[in-house]
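Working notes, structure below.
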Amino acid sequence: MTDAPTTTVTRFAPSPSGELHLGNARTALFNYLLAKRSGGRFLLRIEDTDAERSKPEYTAQLKADLQWLGLPWDGEIVEQSRRGAVYAEAFAKLEQAGRVYPCYCTPLEIEVSRKTQLAAGRPPRYAGTCRNLDAHQRASRLAEGRKPTLRFRVPEGGRVEFVDLVHGEQVFDCADIGDFIVQRADGSAAFFFSNVIDDALTGVTTVLRGEDHLSNTPRQLLLAMALELKAPTYGHLSLITSADGSPLSKRFGAKSLRQLRESGYLPIALNNHLFRLGHSSELHGLQSLEALATAFDTSHLVRSPARFDPVQLEVWQRDAVHRLSPDAALEWMKPHLPSSLAPEAAREFVAVTQANVVLPAEIEPWLAVAFGEVPPPDAEGAALMSAAGPEFFAAAAAAVRANGTDWKAITQAVRDATGRKGPELFKPLRYALTGQGHGPELAPLLKLMGAPRALQRLERLAAA
RNA sequence: GCUCCUUUCGUCUAGAGGCCCAGGACAUAGCCCUCUCAAGGCUGUAACACGGGUUCGAAUCCCGUAAGGAGCGCCA
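So this is what it looks like as structure tokens:
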């Protein structure tokens, strides 16, 4: 907290109750970018006050995911589960000021009340049952064995106003806000409470978070005021939706970062895609994180929800793969390369196929072409090859016998022997050698598969 | 039910009353280049949710409708 007042401090505050997905990742990215563009700090806070749902393995996964994305946090990680003493102090302050009161209603009672209100066509808000209990009433409920929660006493009148970084001026009526729980029956701090306190105490200046928090912001502002804490400036990011506009679901689009990473997506591709979801930019092409940070601007944040389009992500991914260094590309394909492959052959294979695959799994057919059996051709390929005829492939085989894997010499020889040129010449050869109409350049591919393998493929067709 | 948010080409978006019969990027189609793919170049197709106002003039302001979303939790 020695930061100068002008320093931007942002944070990412996930709860360790699940894996990071695209939505979370974008929130993290934006907060990171916002901090970095002005040389500020990006903090990581684990919101694990709910002992039931929080799992240590998720915390570990979270950290690994952020590292992988290239979004390292500054300073120590704040774990809310270890901040009981800080919260206790704040609870005491609120109690002293009469801003909170014990509520003895059970979860079941609350649930029934909610349902009743909903059925009656009213907002399902806390009814205020325990708002004005006297000391005697409290004692008797305690005697019944009820464990109280602490509720914040929302002012009866008035309104809460604030300026949202994305949505502009916001006004909420206190009458629409029910008294909410700040301390659970087990004594732990609830979200609104711990979230506001930790933001203030760690000097967070700006919070970019999901739009699902927008209508809850007045609660936090009320709390901050009662605690005499400075609330951060909030910016509420529109949600990312599936291609059909529905919320990202497990079934569609909500792939976890882990899944994406395991299938071979590159962090820089993800970051570039996410950067343009809900944030407009003049920037074109794949950019480094540094360039993205420089270009990031909260005034360019978009209000309307953005759809996650797998096709767009693929465009970034392809670009990112093309830019991989030979070593990085090798590393990237490694999980799909046979371990028996000699290092030199692996290196050559990567160099030849890199520009032709988007995900590492796509190298399988090329592995077959280079080191195994040629895959069967499609209908177009079959037609092309039979049109070329056995004598064409006989000439090709002869050319290979004479020239080894010298692609240029081979094509020259076949051209001279058959009079074919251009696509007429190359297409049947490509199909014969690879079984496919598209693929990496043939010259290096031929070297990779070797003369004997090529010869076998051509001779088989010459004999047909 | 109440409160709040959102609605421009297929997608991401520009647009803060005349500069917009709406611009860019990606995708897509065609052409050029080329052994295929990729890369690159050129050209094209394609959008202001709907209805009312306000105004000389509206994608932009106001009202309503529709559609989608969020919140109203001892989840975060």
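For the first sequence, numbering that gives the first Met the number 0 begins at 0 and goes up steadily by one. Ideal Cβ positions, reconstructed from N, Cα and C, are used throughout, including at glycine.
7 Å CB neighbourhood of residue i in its chain, flanking five on each side removed
i    : result
T1   : With a pLDDT of only 46 at T1, under the threshold of 50, the placement of this residue in the model should not be trusted; the figure read from the coordinates follows. Closer than 7 Å at the Cβ level, and outside the excluded window around T1, lies no residue.
R140 : Y103
P359 : G263, W331, M332, P334 and H335
Residue i, DSSP secondary structure in three states
i    : result
A188 : strand
R218 : helix
G69  : coil
I45  : strand
R317 : helix
L213 : helix
A239 : What sits at residue 239 in the sequence shown is Ile, not Ala. Correct three-state label for I239: strand.
P334 : helix
Y264 : coil
T417 : helix
V368 : helix
H272 : helix
T115 : helix
Q182 : strand
R40  : strand
F392 : helix
L300 : strand
E78  : strand
S255 : strand
V195 : helix
R306 : strand
Nearest-angstrom Cβ-Cβ length linking residue i and residue j, presumed shorter than 8 Å
i    : j    : result
V153 : I176 : 5 Å
R317 : V357 : 5 Å
G69  : L323 : Not confirmed; about 15 Å, so no contact.
A461 : F392 : 4 Å
G434 : V368 : 7 Å
A319 : L285 : 6 Å
CA-to-CA distance, residue j to residue i, given in whole angstroms
i    : j    : result
Y125 : I109 : 7 Å
K54  : T48  : 11 Å
Y57  : G380 : 49 Å
Q353 : A378 : 27 Å
I196 : N131 : 26 Å
A394 : G436 : 20 Å
H278 : D308 : 15 Å
R414 : K420 : 6 Å
Q60  : P71  : 14 Å
P15  : S80  : 11 Å
F295 : K35  : 9 Å
V159 : E313 : 44 Å
R306 : V399 : 52 Å
G97  : R44  : 29 Å
6 Å CB neighbourhood of residue i in its chain, flanking five on each side removed
i    : result
T204 : T7, V8 and P231
S255 : E18 and H20
L444 : V351
K426 : L383
Sequence-distant residues of the same chain with beta carbon closer than 8 Å to residue i, five excluded per side
i    : result
G209 : G22, T26, H235, L236 and L238
P246 : L238 and T240
A442 : W406 and K407
P342 : none
K475 : Nothing can be reported for residue 475, as the shown portion of the chain is limited to 0 through 463.
G74  : R40 and L42
G438 : N355, W365, V368, R429 and L444
Boundaries of the alpha helix (DSSP H) in which residue i is found, first to last residue
i    : result
T26  : L21 to R36
P451 : A450 to A462
T352 : P342 to T352
First through last residue of the beta strand (DSSP E) which encompasses residue i
i    : result
Q169 : G167 to D172
F161 : R158 to D163
V466 : Nothing can be reported for residue 466, as the shown portion of the chain is limited to 0 through 463.
Q136 : Here Q136 belongs to no beta strand (DSSP E); instead the alpha helix (DSSP H) covers A134 to A142.
Y430 : That residue, Y430, is in no beta strand (DSSP E); its alpha helix (DSSP H) goes P422 to T433.
Y100 : V99 to C102
F151 : T148 to F151
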